[in-house]
Amino acid sequence: MKLDTLKYGFDHTTMPADPMADYWPHGVQEDLARQDWALTELHSAIDLEAWQGFTADLPRDPYVNQRWKRMSWLALDAEEQVKDLGHCPMAQGGAFNDADSMADRLRYYEPLTPEFLGRADVRAFVRAWARLWGIRPDEPILMQITGVRGEGHLDPLQGQGIHADGCQALSILVLSRDNVLGADNHLYADKAGTRELVTATLRPGEILHLRDDRLFHGVDTLSQRDPSQPFERFIIIINTRFVDAFQNRILRRHFPQAVLHQS
């Protein structure tokens, strides 16, 4: 199934007493329950142009060529306020990451900036995302700004192919997509890719939610639409409830009080 337009929009005729209550259209929750994925947009909920500005000073990814990245571990407190848990490396076991440069390794990245995490629309997004997935206080949430710039042809997954990220709740929000051909997102029922469920070309402001422990995903190689100009594609990845035992061991070591998924 090829998706070229979004199924869901927002009705702004009334303001809910609880701003989080109608952050996501009702169909998003229904689709997650029915098919394990949902696609919608966030143009009315976030200042997309301001968020795009935070891609300008991203450090280069020390493990992947032509990629830039920041990441932070967050959680909600008992009052649903977003808190920064502090430093912890990313750790993906080989069962979930097929890339030699990343599998079974601890990866260290610079954190998201206080200016980004302090934004009201960023905090509201994290709270609403946690509500969508039923995330409890003190469950570690990994939030990344990451993306690629360059010329020629590039595999944005750098060898991961069709894969899962080793968690239960995963969402991908596109921040920018400039001079890009390709980079279509695919969801599959199997890792071999014989049962494709959907293909979607996510545009800036669009977000794909998926149950990562039930589906597999991949992204096509990208290249320049205009060969005389470089391409650029940046996204936010946010996920939690890790089923990757390697990542959970590292989380427990750094955050002893964290609520972790028990596989």
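Read in order, the letters of the sequence shown are residues 10 to 272 in my numbering. The C-beta atom is built at its ideal place from N, Cα and C for all residues, glycine as well.
Apart from the five residues just before and just after I55, which ones in its own chain have a Cβ nearer than 7 Å to its Cβ?
D130 and F134
Are P120 and S81 touching if we call contact CB-CB under 7 Å?
P120 places its beta carbon less than 7 Å from that of S81.
Considering only DSSP beta bridges, list what S237 is partnered with.
Partner(s): none; S237 has no beta bridge.
Starting from F5, trace the alpha helix (DSSP H) in both directions and tell me its first and last residue.
With the chain running from 10 to 272 in the structure shown, residue 5 is simply not present.
Validate contact between the segment 154–167 and the segment 259–266 using beta carbons, cut 8 Å, 3 pairs:
No: the two stretches stay apart, fewer than three of their Cβ pairs being nearer than 8 Å.
Rounded to the nearest angstrom, how far is the Cβ of W251 from that of I171, given a contact under 8 Å?
Reading off the sequence, residue 251 comes out as Phe, not Trp. Their Cβ separation, rounded to whole angstroms, is 19 Å, which puts F251 and I171 out of contact at 8 Å.
For a quick check, are the C-beta atoms of D40 and R223 less than 7 Å apart?
no
Along the beta strand (DSSP E) that carries R220, what are the first and last residues, could you check?
E215 to R220
Buried versus exposed, by CB contacts within 10 Å (16 or more), Y197:
buried
Please report the Cβ distance between E241 and G161, rounded to the nearest whole angstrom; I am assuming they are in contact, meaning their Cβ atoms lie under 8 Å.
At roughly 13 Å, the Cβ-Cβ gap does not stay under 8 Å, so E241 and G161 are not in contact.
For I247 and F63, the rounded distance between their alpha carbons
16 Å
Leaving out the 5 sequence neighbours to the left and right, which residues in its chain are closer than 6 Å to L141 when beta-carbon positions are compared?
W33
Coil, strand or helix - E89 by DSSP:
coil
Integer-rounded CB distance, given that D187 should sit under 8 Å from P229
First, the amino acid is wrong: residue 229 is Asp here, not Pro. Not confirmed; about 17 Å, so no contact.
Which residues in the same chain as L231 place their Cβ atom closer than 7 Å to its Cβ, once the five residues preceding and following it in sequence are excluded?
L163, P165, V189, L190, G191, A192, F240 and R242
Just to confirm the assignment, what range does the beta strand (DSSP E) spanning A209 have?
Run containing A209: E205 to A209, per the beta strand (DSSP E) assignment.
Test item: CB-CB of H195 and T208 under 7 Å:
yes
In three-state DSSP terms, what is I154?
Strand at I154.
To the nearest whole angstrom, what separates the beta carbons of I144 and L85, a pair I think is in contact under 8 Å?
Contact holds; Cβ gap of about 7 Å.
Beta-carbon spacing of H52, G214 below 7 Å
yes
Determine the extent of the alpha helix (DSSP H) in which L179 is found, giving its start and end residues.
Unbroken run through L179 is the beta strand (DSSP E), C176 to D187; no alpha helix (DSSP H).
Nearest-angstrom Cβ-Cβ length linking L151 and I245, presumed shorter than 8 Å:
Their Cβ separation, rounded to whole angstroms, is 11 Å, which puts L151 and I245 out of contact at 8 Å.
CA-to-CA distance, A42 to A65, given in whole angstroms:
37 Å
Suppose you measure from the CA of A75 to the CA of V268; what does that come to, to the nearest Å?
The question names Ala, yet the displayed sequence has Gln at residue 75. When rounded, the distance between both Cα atoms is 35 Å.
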